[in-house]
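Order-wise, the sequence lines are chains A and B.
In terms of our numbering, the first sequence opens at residue 12 and continues consecutively.
In terms of our numbering, the second sequence opens at residue -6 and continues consecutively.
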Amino acid sequence: DAGVIQSPRHEVTEMGQEVTLRCKPISGHNSLFWYRQTMMRGLELLIYFNNNVPIDDSGMPEDRFSAKMPNASFSTLKIQPSEPRDSAVYFCASRPSGRASADTQYFGPGTRLTVL
Amino acid sequence: AQSVAQPEDQVNVAEGNPLTVKCTYSVSGNPYLFWYVQYPNRGLQFLLKYITGDNLVKGSYGFEAEFNKSQTSFHLKKPSALVSDSALYFCAVRVTGFQKLVFGTGTRLLVSP
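Okay, here's the thing in structure tokens:
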């Protein structure tokens, strides 16, 4: 299995522009998580989906952030408009279904976002 | 609310020496505890987890962790450190009733040759 795939790996944009981050979870996994990592705030959970349905978006910082999961194999995290303080590494993770997995999450390589 | 604390920002150890990375937890009910490792410019990788059973859990790359209910701790250990173990280590706990994990702030492990 290729693991969790994220694109792009690096994104540099200017303040005010729209940014879309993409994630393909591991096939057969039914939960998907979006995280943000910064030096100041560490690793923060933004939102997670179960069976393509958003379950908890309490970590989404502002209305500028939105996430979708139109099907089991694809999710997007969109920032519109972007601001310099959004600069961070964004991780996607997926989790298999079933009790045996016991909530083990598998992380993608991340997208490093720089907003100038 | 469930939480984990990693009291050390950084741990330094010489290669070949045993290492310990500390984690304490606060949960309601039985804890599901995890350790993840992050190498530079990479995502987090699962190392091991405690759900139930033996208090000593063995994981990847020779790491193990000891669950101690009375001390509410879940310290990560390795008998003999390698330079390649240098990385950022995260402890995490599952939030009861939800599928999400709460991560600690991370501990940077530096193993010197």
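Beta carbons are placed, not taken as given, at the ideal position from N, Cα and C, and that holds for glycine.
Query                                                                                                                                                                            : Result
May I ask which residues mark the beginning and end of the beta strand (DSSP E) holding A/A104?                                                                                  : 99 to 107
Select from B/L12, B/T17, B/P24, B/V4 the residue whose C-alpha is nearest the C-alpha of B/V88.                                                                                 : B/P24
Considering just the uninterrupted stretch of the beta strand (DSSP E) at A/D67, what are its terminal residues?                                                                 : 64 to 67
With 8 angstroms as the threshold, decide whether the Cβ of B/L102 is near any Cβ in chain A.                                                                                    : no
Within a Cβ cutoff of 6 angstroms, which residues of the same chain sit near B/S105, ignoring the five residues on either side of it in sequence?                                : A7
Under DSSP, the beta strand (DSSP E) around A/S86 begins and ends at which residues?                                                                                             : 85 to 90
At the 8 angstroms Cβ level, is B/L49 part of the contact set with chain A, yes or no?                                                                                           : no
Of all the options B/Y82, B/F91, B/L94, which has the alpha carbon lying nearest to the alpha carbon of B/E1?                                                                    : B/Y82
Distance cutoff 8 angstroms, beta carbons only. Does A/F118 sit that close to anything in chain B?                                                                               : yes
Would you please state the rounded distance, in angstroms, between the beta carbons of B/T13 and B/L69? I believe it to be under 8 angstroms.                                    : 7 angstroms
Taking the C-alpha atoms as reference points, what is the distance between A/S98 and B/G46?                                                                                      : 42 angstroms
Got a sec, what are the start and stop residues for the beta strand (DSSP E) B/A(-6) sits in?                                                                                    : That residue, B/A(-6), is in no beta strand (DSSP E); it is neither H nor E in DSSP.
Given this structure, state the Cα-to-Cα distance separating A/V30 from A/Q116, to the nearest angstrom.                                                                         : 25 angstroms
So for B/Y32, helix, strand or coil by DSSP?                                                                                                                                     : coil
Cβ of A/S105 within 7 angstroms of any heavy atom in the ligand NAD?                                                                                                             : As for the ligand NAD, it is missing from this structure, which has no ligand bound.
For B/S63, count the other beta carbons within 10 Å of its own beta carbon; 16 or more makes it buried, fewer makes it exposed. Which is it?                                     : exposed
Determine contact between the stretch 68 to 75 of chain A and the stretch 17 to 31 of chain B, defined as no fewer than three beta-carbon pairs at a distance below 8 angstroms. : no
Helix, strand or coil, according to DSSP, for B/V20 in the structure here?                                                                                                       : coil
Have a look at A/F60 and A/S86 and give me their C-alpha separation to the nearest angstrom.                                                                                     : 9 angstroms
Can you check whether the CB of A/L127 is closer than 8 angstroms to the CB of A/Y101?                                                                                           : no
Per DSSP, A/E22 forms a beta bridge with which residues?                                                                                                                         : A/L124
Could you list which residues in chain B have their beta carbon closer than 9 angstroms to that of A/F102, in chain order?                                                       : G36, L37
Since B/Y18 and B/F67 are thought to touch, with beta carbons under 8 angstroms apart, how far apart are those beta carbons, to the nearest angstrom?                            : 6 angstroms
With a threshold of 8 angstroms between beta-carbons, can B/L94 be considered close to chain A, or not?                                                                          : yes
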